[in-house]
Amino acid sequence: MARVGGDEYAALLPRAASPDDASIVAMAGTLPLLVAGNDEQQRTYLGGLMKKLSFCAFAITEPGAGSDVASMSTSYRREGDEFVLNGTKHFISNGSVADWYVTFATSDKRLKHKGISCFVFPANLPGITRRRMHGKLGQRAADTGEIYYEDLRIPASAMMGREGEGFKYAMATFDRSRPEIGSIAIGISQRALDECLRYSRQRTAFGQRCSTTRSIQSAPSADTWVIAAQRSGPRASKNTARVARSRPGAAHTSRPVSWSTTTVRNL
Ligand SMILES: Cc1cc2nc3c(=O)[nH]c(=O)nc-3n(C[C@H](O)[C@H](O)[C@H](O)COP(=O)(O)OP(=O)(O)OC[C@H]3O[C@@H](n4cnc5c(N)ncnc54)[C@H](O)[C@@H]3O)c2cc1C
């Protein structure tokens, strides 16, 4: 089977992405298994996805730790052959519907990134409660949830890779998922621009098409932003800093484009 490389994939996604297909974000749940999962974990969880329709989630963000992943509070401790997890994850794509989670927790918050480990486990265990989060401005077709771990007991075999290496696995996951997220932002920008142009060409106000009015003609050129983002946009790379820098460029594109489209829609 032909293999699509990271760059080609990032280039394709803007064409596929629309405001409705943000659930692509949840693919990030499978990536840590490719990065750090052992054969058994890959067979169980990735194999399970092939057998029946099921959902996974990548749960790292917390109410007090977003961009600053290393400051997470969700904790784990070892008790015999088990780990016990406590904490809250929020803004998790597929969080309230997933069949299994990849999640991150720390053995000691003071260790920052060196204390973080990565786990994979089913979502239907005692000790897990969850709820859907409401009131998002966009990406409403994608479930976004909050997950609570209260003395959640998982077997020691649920740890992925080596203890204390979870931060590295998270960054390796982001190296692969950020180009997709940036590409989705470009796709949303392109769709917003298309909608805006279509509307401005069909809408008549003060006896003329909105698209011919001076204010629209002189509006900041949204298509320039989109094209610039596509050219300088997200690229797959093993260099975390490079990938991280490429995503905001694309994500921020949607802001001026949205502003421009809002200007047109408000006329
Ligand atoms: C729709 C949606 C789906 C999501 N899905 C998932 C998911 O599946 N799994 C998951 O784990 N998380 C998910 N998230 C959470 C997402 O990863 C976080 O929102 C993100 O990491 C930012 O964290 P934060 O919201 O806490 O913002 P903060 O980290 O509090 O940042 C707030 C603002 O400050 C800026 N900022 C932060 N640090 C700096 C700095 N050093 N320099 C300059 N500016 C800075 C940020 O850019 C941002 O504008 C999702 C979020 C959304 C909205």
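Going by my numbering, the sequence shown opens with residue 12, and the numbers climb by one from there. C-beta atoms are modelled at their ideal positions from N, C-alpha and C, and glycine is treated no differently. Please read these numbers as outputs of a predicted model, since none were measured by experiment.
{"Check": "For D205 and L42, the rounded distance between their alpha carbons", "Outcome": "32 Å"}
{"Check": "Member of L96, G75 and G177 whose CA lies at the smallest distance from the CA of I165", "Outcome": "L96"}
{"Check": "Minimum length 4: unbroken alpha helix (DSSP H) runs contained in the segment 47-82", "Outcome": "58-62"}
{"Check": "CB contact flag (E157, R173, <8 Å)", "Outcome": "no"}
{"Check": "Per-residue burial, G98 [other beta carbons within 10 Å of its own, 16 or more giving buried]", "Outcome": "buried"}
{"Check": "Contact under 8 Å by Cβ, F69 with A39", "Outcome": "yes"}
{"Check": "Rounded straight-line distance, which links the Cα of S200 to that of C221", "Outcome": "20 Å"}
{"Check": "Identity of the residues DSSP links to Q150 by a beta bridge", "Outcome": "The partner list for Q150 (beta bridge, DSSP) is empty, contrary to what the question assumes."}
{"Check": "Residues bridged to I197 (per DSSP)", "Outcome": "None; I197 has no bridge partner."}
{"Check": "Cut-off 7 Å between Cβ atoms - residues of its own chain near Q213, not counting five sequence neighbours on either side", "Outcome": "none"}
{"Check": "With 16 other Cβ atoms within 10 Å as the buried cut-off, status of H145", "Outcome": "exposed"}
{"Check": "Run of the alpha helix (DSSP H) containing S84, from where it starts to where it stops", "Outcome": "From DSSP, S84 is part of no alpha helix (DSSP H); its letter is neither H nor E."}
{"Check": "T114 - DSSP class collapsed to helix/strand/coil", "Outcome": "strand"}
{"Check": "Residues bridged to M170 [DSSP beta-bridge criterion]", "Outcome": "F130"}
{"Check": "For F94, the three-state DSSP class (helix, strand or coil)", "Outcome": "strand"}
{"Check": "Boundaries (first-last residue) of the beta strand (DSSP E) holding R214", "Outcome": "Run containing R214: none; DSSP gives neither H nor E here."}
{"Check": "Heavy atom of ligand 1 within 7 Å of K147 beta-carbon", "Outcome": "yes"}
{"Check": "C-alpha gap between R225 and L64, whole angstroms", "Outcome": "52 Å"}
{"Check": "Inter-residue spacing [alpha-carbon to alpha-carbon] between K179 and F217", "Outcome": "59 Å"}
{"Check": "Cβ pair count under 8 Å reaching 3, the segment 105-125 against the segment 81-95", "Outcome": "yes"}
{"Check": "Local conformation of D161 per DSSP, three classes", "Outcome": "Looking at the sequence shown, residue 161 is not Asp but Glu. Residue state, collapsed to three classes: strand."}
{"Check": "Spatial distance of D119 from S86 (CA atoms)", "Outcome": "7 Å"}
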